[in-house]
Amino acid sequence: MQRDLSPSSYLAEELGKPIGDYSFDFVLKSDEESIFDERLDAKDFSPLPHVHLEEKEDKDTTNKGGWTTVTRSATVCGAGENLHLYLGTRKDRDSNCEDIESTYFSSITYELRQRATGNFLGDTELLSQLQVVDPVSGEEILKNNKAILKGVTDSTLEKKMDDNPYFETTIRFKFTDVSYHHDRKPFALRVNLYRHQDTDNPILIKQSQPIMVFARKKQLTSTSTLSTEDADLKPKKRKRKEQHVEEPSSKVSKLSNFDMFKEKLEVMCQHMKKMSKENREEAYKEIISKMYSFDPVDSCYQQIPVITDTDFDIK
């Protein structure tokens, strides 16, 4: 008896379920793989039913690398003709990455390297035009009726002779306006490619994904950018050298005390001028007594005579 290999009968036989009780709400590809695994376990290698998988159409409007093909002339641009766009700064000029960043800055100069590949009907050169447009409507964004790009935005792609000839050019530009001045709406870059003999009708138009343009990058603080290891390499502030004030020597101290003594002695003599003779004699005795009280050893001093005649004038 020949086996019924229709999808429904086959699945019912393999899974042990009646056909009427089996639901087919599943993805055929994954079920096919699971059934194949079960068949391997059962060592049954009878042919699987043919499952038709629908393939999606590969449209040219899909975003590849951040750039979308908006318009392509069917009569000029065949399947082998394309325009590759590499946007970056001067340090990225050797990069072949077509990705687009989400943010750009008006304080930075950018370079857009354009390379057109293909025959292009044997043209000697191509022309390109760079614009900033609204990513939804495609209308050019202007400020005071002027483009918001600074630099040479129209350029000629020269033909490079190689095993596979191509056209190439590089333009440098800066944004002269930011998204903030346009209700914080995103921008998009658009490149229009023309044939040299027809600058009215572009043969190829490519547009970038939406981008936001700001004035400048935020500067990170030193504490957030320096790691623990880098902090050790950060130059340390030099401490101010403390001024060392030398203490006065003992000699200077004695001289200062001696000067003070002379000043006090002068004041004392001025008072003695006004004393009576009796009081003046008492003052002399008091002075001598004080002098001997500092050091009672008599050998350290010469005998100081006691003056009893006090009729002289004190200068």
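Going by the numbering used here, the sequence shown opens with residue 939, and the numbers climb by one from there. Ideal Cβ placement from N, Cα and C applies to all residues, glycine included.
{"Check": "Taking Cβ to Cβ, would you say Leu1064 is nearer than 8 angstroms to Leu1127?", "Outcome": "no"}
{"Check": "To which residues does DSSP link Ile1149 through a beta bridge?", "Outcome": "Phe1125"}
{"Check": "Below 6 angstroms CB to CB, which residues in the same chain sit around Phe1224 once its five sequence neighbours on both sides are set aside?", "Outcome": "Here residue 1224 is Glu; the residue named in the question, Phe, does not match the sequence. Cβ within range, chain order: n/a, list empty."}
{"Check": "State the start and end residues of the unbroken beta strand (DSSP E) segment that holds Ala1012.", "Outcome": "Taken as a continuous stretch (DSSP letters only), Ala1012 belongs to no beta strand (DSSP E), as it is neither H nor E."}
{"Check": "Which residue from Lys1112, Asp1115, Asn1102, Val1129 puts its Cα closest to that of Ser1093?", "Outcome": "Val1129"}
{"Check": "Which of the three DSSP states, helix, strand or coil, is assigned to Lys997?", "Outcome": "Any answer about Lys997 is weak, because its pLDDT of 38 lies below 50 and its placement is not dependable; what the coordinates show is given next. In the structure shown, Lys997 sits in coil (DSSP, three-state: anything other than H, G, I, E or B)."}
{"Check": "Which partner residues does Thr1007 have in the DSSP bridge list?", "Outcome": "Lys1144"}
{"Check": "Can you name, in chain order, every residue of its own chain whose Cβ lies under 8 angstroms from the Cβ of Thr1009, other than the five neighbours on each side?", "Outcome": "Pro1140, Leu1142, Ile1143"}
{"Check": "In angstroms, rounded to a whole number, what distance separates the CA positions of Gly1026 and Thr1007?", "Outcome": "20 angstroms"}
{"Check": "Can you tell me whether Asp1115 is buried or exposed? The criterion is at least 16 other CB atoms within 10 Å of its CB, across all chains shown.", "Outcome": "buried"}
{"Check": "As a quick exercise: from Glu1049, Thr1013, Ser1045, pick the residue whose alpha carbon is nearest that of Ser1033.", "Outcome": "Glu1049"}
{"Check": "Can Arg1031 and Arg1051 be called in contact, C-beta distance under 8 angstroms?", "Outcome": "yes"}
{"Check": "Can you pull the DSSP bridge partners for Arg1051?", "Outcome": "Tyr1024, Thr1108"}
{"Check": "When you compare the CB of Lys1200 with every CB in chain B, is at least one pair closer than 8 angstroms?", "Outcome": "Within the model displayed, chain B is absent; a lone protein chain is all it includes."}
{"Check": "Please report the residue range of the beta strand (DSSP E) in which Tyr1118 lies.", "Outcome": "Here Tyr1118 belongs to no beta strand (DSSP E), and DSSP marks it neither H nor E."}
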